[in-house]
Amino acid sequence: MGSPIIIDTDAGTDDILALSYLLSLPDLQIEAITIVHGLAHVRDGSRNIRRLLHLAGRADIPVLEGAESPIEGSRPFPAEWRFVANNLPGVTLPDIVGPPSTQGAVDFLKRRMLDRERPVRILGLGPLTNLALALREMPDASATVKELLIMGGALQVPGNLSAGNPEKAANEVAEWNIYVDPHAAVEVFKSDIQMLLVPLDVTMHVPITRSFVENFGRRSLTPLGRVAAQVLEAALPYIDAHAYFAWDPLAAVALVDRSVLQAKKATIQVTTGGQNIGQTKLIRWDADSPLAVSMDVNAAAFTAEFEQTLGGFNTKTQRHKDTKKGRN
């Protein structure tokens, strides 16, 4: 599947879903996973990702721990959500076999960006701190980084800080990944790397509902699929009370199958202060920009790819069988 992949993640529950999907693709070259602060604390997130890799039979993939705080200030996720990401209640994963890499994530990313002989693609699923710190000393990173795909931002839709937030939030325009470290986002978006942004504008069209969770859990055949089902089942109280979307899973599927998204080149601006800190503003559509913004999604194609690959079943065949069973 082309160039090797580096995944930068804050190891939240939707990150676990995205990683489980990607680990279900045997031909995908995952070179490393770097951990950034965000939903999970770095050490806890690192541990959970290593446990997931062990389950997947991919303990050979190095896990590197990165930035534990944003470049400026402190805007953490709610403590209740961080507890869930740190501990993954209701999810069964094996014990850890080995320690994380002794090399830090930022140092690894810097060194990797110098290796022009081996182009790489990067998937960013959390705050952009690791990537911003690495890019500071890499003005020619685009020579090595073939593409940077980022889940984050909200351009023409409301943000998601207040959705289900037990600690409340007055900011109605920012998306969490950008809000947690907007200064990092500014630095990354200044790069000349070819980027694809997967914002709330498209993830809002791929909701994960109770019926999806129940059907997926009933039909999942693989160990990774069963872990994903456990993650989703544990989230059902939140899903029922609020709304849960395939934020990181959509970005992961787009990394593999770009046809699920329609994007347009644009110039955007990130607010770094005031009540609307973390807001991503669409300044103009710009054919010369290195940044493309996803504005439309084929939700059915996404769902089919995600279900079939991660669950280990053929969606159309299984639905036909389920229909026949219902007639008996």
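Here this note's numbering is used: the first residue of the sequence shown is 32, the next is one more, and so on.
Using N, Cα and C, we set each Cβ at its ideal position, and we do this for glycine too.
Could you pull out every unbroken beta strand (DSSP E) segment of at least 3 residues lying fully inside the segment 209 to 280, listed in chain order?
226 to 229
State the CB to CB distance for the pair Ala42 and Gly88, rounded to an integer number of angstroms; the pair is presumed to be in contact (CB under 8 Å).
Between Ala42 and Gly88 a beta carbon distance of about 19 Å is seen, past the 8 Å cut, so the two are scored as non-contacting.
Looking only at its own chain, which residues have a Cβ that is under 7 Å from the Cβ of Ala165, when we skip the five neighbours before and after it?
Val137, Leu140, Lys141, Met144
In angstroms with no decimal places, state the Cα-to-Cα distance between Arg249 and Val229.
Spanning the two alpha carbons is a distance of roughly 29 Å.
Under 8 Å, do Asp271 and Arg241 count as touching if we go by C-beta distance?
yes
Determine the closest residue to Ser325 out of Val188, Val115, Gly104, with distance taken between C-alpha atoms.
Val188
Could you tell me the boundaries of the alpha helix (DSSP H) in which Leu53 lies?
44 to 54
For a quick check, are the C-beta atoms of Leu86 and Leu59 less than 8 Å apart?
no
If Ile102 and Thr160 are in contact, beta carbons under 8 Å, what's the gap, nearest whole angstrom?
6 Å
Report the rounded CA-to-CA distance for Asn307 versus Pro197, giving the unit in angstroms.
19 Å
Would you grab the beta carbon distance between Leu180 and Gly157 for me? Rounded to a whole angstrom, and I think it's under 8 Å.
Not really, about 13 Å apart at Cβ, beyond 8 Å.
Quick check on DSSP: helix, strand or coil for Thr340?
Here Thr340 sits in helix by DSSP.
Around the C-beta of Pro131, are 16 or more other C-beta atoms found within 10 angstroms, so that it is buried, or is it exposed?
buried
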